[in-house]
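All remarks here apply to the structure that follows.
Number of protein chains: 2
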Amino acid sequence: MTKVTIYSIADALGVSGSTVSRAFTRPDQVRDDVRARILAKADELGYQPNRSARRLATGRTGAIGLYIPDITNPFFPPLVRAIQQAAADNDASVIMVDAEESTSAEAALIRRLAGQVDGVIVASPRGTPARLRDALGSTPAIVVNREMMHTTTVICDNSAALAQAGDHLRDLNHETVALLHGPSASWAARQRASAIRKWAASAEVELIELGPFEASYEGGREGAAAFADSPATAAFAFDDLTACGVVAGLAERGLSVPRDRSIVGCDDVLLARVLTPKLSTVSAPIGRLGAAAVDLLGEVMAGKQPASLRIQGDFTPRQSSGPAPTT
Amino acid sequence: MTKVTIYSIADALGVSGSTVSRAFTRPDQVRDDVRARILAKADELGYQPNRSARRLATGRTGAIGLYIPDITNPFFPPLVRAIQQAAADNDASVIMVDAEESTSAEAALIRRLAGQVDGVIVASPRGTPARLRDALGSTPAIVVNREMMHTTTVICDNSAALAQAGDHLRDLNHETVALLHGPSASWAARQRASAIRKWAASAEVELIELGPFEASYEGGREGAAAFADSPATAAFAFDDLTACGVVAGLAERGLSVPRDRSIVGCDDVLLARVLTPKLSTVSAPIGRLGAAAVDLLGEVMAGKQPASLRIQGDFTPRQSSGPAPTT
DNA sequence: CTGAAAGCGCTTACAG
DNA sequence: CTGAAAGCGCTTACAG
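Line by line, the protein sequences give chains A and B. If you read the first sequence in the UniProt record's numbering, its first letter stands for residue 1, the second for the next number, and so on. If you read the second sequence in the UniProt record's numbering, its first letter stands for residue 1, the second for the next number, and so on.
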């Protein structure tokens, strides 16, 4: 099976390569019957355009880059999926790189990625804005899950939902509530913490701040130890995976959720719904986040400066939050 | 910031483009000091080779394709990561496509992918071998997680581990054990079923076959209903996610694991370790699967016909299996 | 609407 | 070890 190019088709049909090329890229500039014959022949020969050649000629790669800090964190697969799907709708392929949780590799990975694609979507970067901007250079980019000046950004705003979650706990008679801090380098952790503090102040609930803890199951288990030793009867975990560790850590101490302690997670990942007890959590519309990122990236690549987007999260009470134990 | 090419460097240094090109691709063919100056200047100018041009010139894309049926299934992210890492070690990028669980889209997605890359890794395909081979055409390929004639394949062989798991249950005095079938289109499901049947026959344990059920949390809940109504005191779930659904479904019926029923999962995904109770499961060395796939793909691309690989799984008893309830 | 030609940025025989 | 030149397969002004 020899290589089939536009010239194979051109020769077979007695037209020029230019015409074949146009039949694909500017169909309206080719007479209908000629185009029909070209398309038919292309199909017959199994023609697939050589993307490298096209890219070289047009200067666009047709690919967008996606930087993810940790594909293994259940938050990201749905995001990756949404981004891929939106990209496919725009005939773009996506090249994904996973930092494997290494913050130090971040800048180098992003720099390399930026060189290979038309634009990049950076999810949950941990590095400083300056380093990130340096790595990006002039490549169009969208940052997801973190706000950053001079950059189009799409984030999930959980403040209102977190306040709702807080009210829900207060209504269940929890009078002192723990805030299990996420990693201090995480923008989302800082956001959530400040939203919760604000809620606690206005709701006149006593807030006990514990941590920071890693955003992992183990981090949650450590959090559980601190939580169990505190007077709090309910806690906000940084995310669902952490919450899951908290449930396990409490269980190891003979404390059962929601009977003895209540806990609310964040993100509503698969885990939150399959855990027993199901987690009360704040859900991020992850799919919309991804789709929006691709749309906005398209605008940036087109030279526009679209406004940043913030999507509201939503509180979903489930089984992990219950009435405060009566002592 | 204007585009920097090999000629920017060549001009700045008074050498030819050929020499600059060689400095990168055939360093031994360039005098040491010249190469050093070129590399330094490239660095100074922030040179990034244009991949499209390189690809067009060499005829290789430097990319491998990865087809995944469902990125959202916790089995796949670690596989993706391992494959990416191994590819990066070989200076290849990976273009991933996710079928979003749509079996019907499989062939078309794979065909498109195959046209864009030097070789493809196909994970857990559901389609018939004929359709798959047709979609692949002459593109070098490795199939992961399914055996297939005339194709280099890397799979995890769980037979021995499943028999170990069975023995473990029998030693805990379970006399009748349920097999919750996975989806009938799944090669892995058929494999596991036959390994379990073989074990049951030789161990003289009564096996009750239930299902098939979907490979999902919901599928597991359905399985739990059938399991609860059966005389079995322990069950093999198709995978960990399903097992998780079984635990939840049993809980809804007031049955607790491992007190009232025992359950063993498969794959040892993150979920298995964060669930309470932690799942007894058969672990696939997912990372090795991915690394091996990339290695073998390299051989196929080099024109060799490497032998298929089967890696042994391992049984890991944890908390979800306990002594049979004494009636 | 169509063709001849130049050009995208590399690589790589071929001469020297 | 180095340079001039051709070629990879497309796209796209430019002429007609």
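Note that the Cβ used here is the ideal one computed from N, Cα and C, for glycine as well. Since the structure is predicted, the reported quantities are computational estimates derived from the model, not experimental observations.
Of the residues A:Ala82, A:Arg111, A:Thr242 and A:Leu113, the one whose Cα lies closest to the Cα of Ala293 of chain A is A:Ala82. Per DSSP, the beta bridge partners of Gln312 of chain B are B:Asp157.
With fewer than 16 other Cβ atoms from the protein chains shown falling within 10 Å of its own Cβ, Glu206 of chain B counts as exposed. Excluding residues up to 5 positions away in sequence, Tyr217, Gly220, Arg221 and Ala224 lie with their Cβ nearer than 8 Å to the Cβ of Ala248 of chain A in the same chain.
The bridge partners DSSP lists for Ile263 of chain B are B:Ala235. Excluding its 5 nearest sequence neighbours in each direction, Asp295 of chain A has no C-beta neighbour in its own chain below 6 Å. Against chain B, the beta carbon of Val247 of chain A has neighbours under 8 Å at Thr276, listed in chain order. Along the segment 88-99 of chain B, the positions whose C-beta sits under 9 Å from a C-beta of chain A are Ala88, Ser93, Val94, Ile95, Met96, Val97 and Asp98, read in chain order.
Contact of Ile71 of chain A with chain B is assigned, a C-beta pair being separated by under 8 Å. When only Cα atoms are considered, Gln305 of chain B and Pro140 of chain B end up about 10 Å apart. Between the segment 88-95 of chain A and the segment 105-112 of chain A there are fewer than three C-beta pairs closer than 8 Å, too few to call the two in contact. Under the Cβ criterion (8 Å, minimum of three pairs), the segment 264-283 of chain B counts as touching the segment 235-249 of chain B. Chain B places a beta carbon closer than 8 Å to that of Ala251 of chain A, counting this residue as a contact. Per the coordinates, the alpha-carbon of Arg273 of chain B lies some 56 Å from the alpha-carbon of Arg31 of chain B. In the structure shown, the three-state DSSP call for Leu255 of chain A is coil. DSSP places Ser280 of chain A inside the beta strand (DSSP E), whose first and last residues are Ser280 to Ser283. Pairing Leu279 of chain B with Ser230 of chain B gives a Cβ-Cβ distance that is not under 8 Å. Chain B has a Cβ within less than 8 Å of the Cβ of Leu56 of chain A. When rounded, the separation of the alpha-carbon atoms in Gly298 of chain A and Ala88 of chain A is 13 Å.
Contact holds between the segment 39-57 of chain B and the segment 4-13 of chain B, because three or more Cβ pairs, one in each stretch, are under 8 Å apart.
In terms of CA proximity to Val282 of chain B, B:Gln164 leads the group B:Ala251, B:Leu180, B:Gln164 and B:Glu214. Pairing Lys3 of chain B with Arg146 of chain B, the inter-Cα distance amounts to about 46 Å. Asp70 of chain A and Ala107 of chain A do not touch by the CB rule: their CB atoms are close to 16 Å apart, not below 8 Å. Against chain B, the beta carbon of Pro78 of chain A has neighbours under 9 Å at Ile71 and Thr72, listed in chain order. Taking C-beta atoms as the reference points, Val117 of chain B and Val143 of chain B fail to come closer than 8 Å.
Close to chain A, meaning a Cβ-Cβ distance shorter than 9 Å, are the following residues of the segment 261-272 of chain B: Leu270 and Leu271. Excluding the 5 residues flanking it on each side, Pro183 of chain A has same chain C-beta neighbours closer than 7 Å at Ala189, Pro212, Glu214 and Ala215, in chain order.
Residue burial annotation: Ala201 of chain A is exposed, with fewer than 16 other C-beta atoms found within 10 angstroms of its C-beta. Gly119 of chain B and Lys198 of chain A have their C-alpha atoms roughly 53 Å apart. Against chain B, the CB of Thr242 of chain A has no partner CB under 8 Å away; the residue lies outside that interface. Taken through DSSP and simplified to helix, strand or coil, Glu100 of chain B comes out as coil. Distance between Ser186 of chain B and Phe76 of chain B, taken at the CA atoms: about 15 Å. With a 10 Å radius around the Cβ and a threshold of 16 neighbouring Cβ atoms, Gln191 of chain B comes out buried.
A straight line joining the alpha-carbon of Ala324 of chain A with that of Thr276 of chain A spans about 19 Å. For Arg37 of chain A, the closest alpha carbon among the candidates A:Ser262, A:Pro49 and A:Ala23 is that of A:Ala23. For the beta strand (DSSP E) assignment, the uninterrupted runs of no fewer than 3 residues enclosed by the segment 78-125 of chain A are, from N- to C-terminal side, 93-98 and 119-123.
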